[in-house]
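J.:
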C-alpha cells in the first residue's frame with residue numbers, strides 16, 4: 061500500500077512521501093515548504109486513504125497464486141494494522157482479488173493477537189509473515205514456536221529495509237517464498253528456539 065498511499069498524498073494533499081527516511085514521521089513532508097507533516101496528522105491521513113482509496117492497492121506479483129496454493133494446505137488469517145473500522149473493507153478488498161480470507165484488524169504490536177490466533181487454531185505448525193521488523197520481533201516474543209518470514213514486497217522499501225534479526229528467513233518475492241512456506245508445512249515442525257539474522261532471499 062505504501063506506493064499508492066504516496067501517490068494519493070501527492071495528488072490530494074501536496075505531501076511528499078520519502079521512502080528513504082528512517083522514521084515514518086520523517087517520511088511525510090509538505091511539498092510547498094518542505095516541512096514535516098505533524099505527527100498527530102499522520103494516522104488521520106492513513107484513515108482517509110483507507111476510507112476512500114483502498115482500491116488503489118494491488119497484489120504483489122505472484123501473491124494471489126501463492127496464497128491460493130497455501131490455502132489448500134493451511135488456514136490463512138490476515139492480521140492487519142488498518143484498525144477495526146477497516147476490517148470489513150479489507151476483507152472485501154481481498155475478495156475482489158479472489159481471496160476469501162479471514163481478516164483480523166489490530167493496532168500496535170501483532171505479537172499478542174498472533175498468540176491468540178495460534179491458541180484459537182492450535183495448528184501443528186504456524187508461520188507469520190510481515191514486512192516490519194518490529195512485528196517480526198513481536199511474533200518472536202509472544203509466539204516463539206511460530207516460524208517467522210520477513211517479506212518486503214515493495215521494491216522501493218525492500219532495498220533499504222535490513223533483514224529482521226528475529227526472522228527465520230528474508231524472502232521478498234512470492235515465487236521464492238512459496239516453496240519455502242510449503243516445505244515448512246510439509247515438515248510440520250515448530251520453529252527453532254534461536255535464529256541467526258537471515259540474508260535477503262535466504263531460508264534457514
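Residue numbers (this note's numbering): 61 to 264. Backbone N, C-alpha and C fix where the C-beta goes; we use that ideal spot for every residue, glycine too.
#1: With 16 other CB atoms within 10 Å as the buried threshold, where does residue 248 fall?
#2: Is it true that the CB of residue 244 sits closer than 7 angstroms to the CB of residue 211?
#3: Please report the straight-line C-alpha distance between residue 184 and residue 135, rounded to a whole angstrom.
#4: According to DSSP, is residue 202 part of a helix, a strand, or is it coil?
#5: Looking only at C-alpha atoms, which of 258, 221, 204 and 191 sits nearest to residue 234?
#6: From residue 264 to residue 208, what does the alpha carbon distance come to, in whole angstroms?
#7: Ordered along the chain, which non-local residues of its own chain (more than five positions away) have a Cβ less than 7 angstroms from that of residue 181?
#8: Kindly list the residues whose CB is nearer than 6 angstroms to the CB of residue 78, restricted to its own chain and excluding five residues on each side of it in sequence; keep chain order.
#9: Cα-Cα, which of 149, 143, 176 and 101 is closest to residue 165?
#10: For residue 99, which of helix, strand or coil comes out of DSSP?
#11: Assuming residue 198 and residue 120 form a contact by the criterion Cβ under 8 angstroms, report the distance between their Cβ atoms to the nearest whole angstrom.
#12: Mind the definition here: the stretch 221–233 touches the stretch 249–259 only if three or more C-beta pairs lie below 8 angstroms; say whether that holds.
#13: For residue 238, I'd like the list of residues in its chain whose CB is within less than 6 angstroms of its CB, leaving aside the five on either flank, ordered along the chain.
T.: Taking the structure as given:
#1: Your numbering for residue 248 matches position 188 in the chain shown. Its Cβ having fewer than 16 others within 10 Å, residue 248 is exposed.
#2: Taking the chain shown and counting its residues from 1, one reaches residue 211 at position 151. Taking the chain shown and counting its residues from 1, one reaches residue 244 at position 184. Their beta carbons are not under 7 angstroms apart, which means residue 211 does not touch residue 244 by this criterion.
#3: Counted from its first residue, the chain shown places residue 184 at position 124. Counted from its first residue, the chain shown places residue 135 at position 75. Spanning the two alpha carbons is a distance of roughly 11 angstroms.
#4: Reading the chain shown from its first residue, position 142 is the one you call residue 202. Reduced to three states, the DSSP call for residue 202 is helix.
#5: Mapped onto the chain shown, residue 234 falls at position 174. It is 191.
#6: As a first step, residue 264 must be located in the chain shown, where it is residue number 204. As a first step, residue 208 must be located in the chain shown, where it is residue number 148. Note on residue 264: pLDDT 47, under 50, position unreliable in the model; the coordinate value appears next. Rounded to whole angstroms, residue 264 to residue 208 spans 11 angstroms at the Cα level.
#7: In the chain shown, counting from the first residue as 1, residue 181 sits at position 121. Cβ within range, chain order: 135.
#8: Counting from 1 along the chain shown, the entry for residue 78 is found at position 18. Excluding sequence neighbours, residue 78 sits near 87.
#9: Taking the first residue of the chain shown as 1, we reach residue 165 at position 105. Cα-wise, what sits closest to residue 165 is 143.
#10: Against the chain shown, residue 99 aligns to sequence position 39. In the structure shown, residue 99 sits in a helix (DSSP, three-state: H, G or I).
#11: If you number the chain shown from 1, residue 198 lands on position 138. If you number the chain shown from 1, residue 120 lands on position 60. About 22 angstroms; that fails the 8 angstroms criterion.
#12: yes
#13: By one-based count along the chain shown, residue 238 stands at place 178. The residues are 126.
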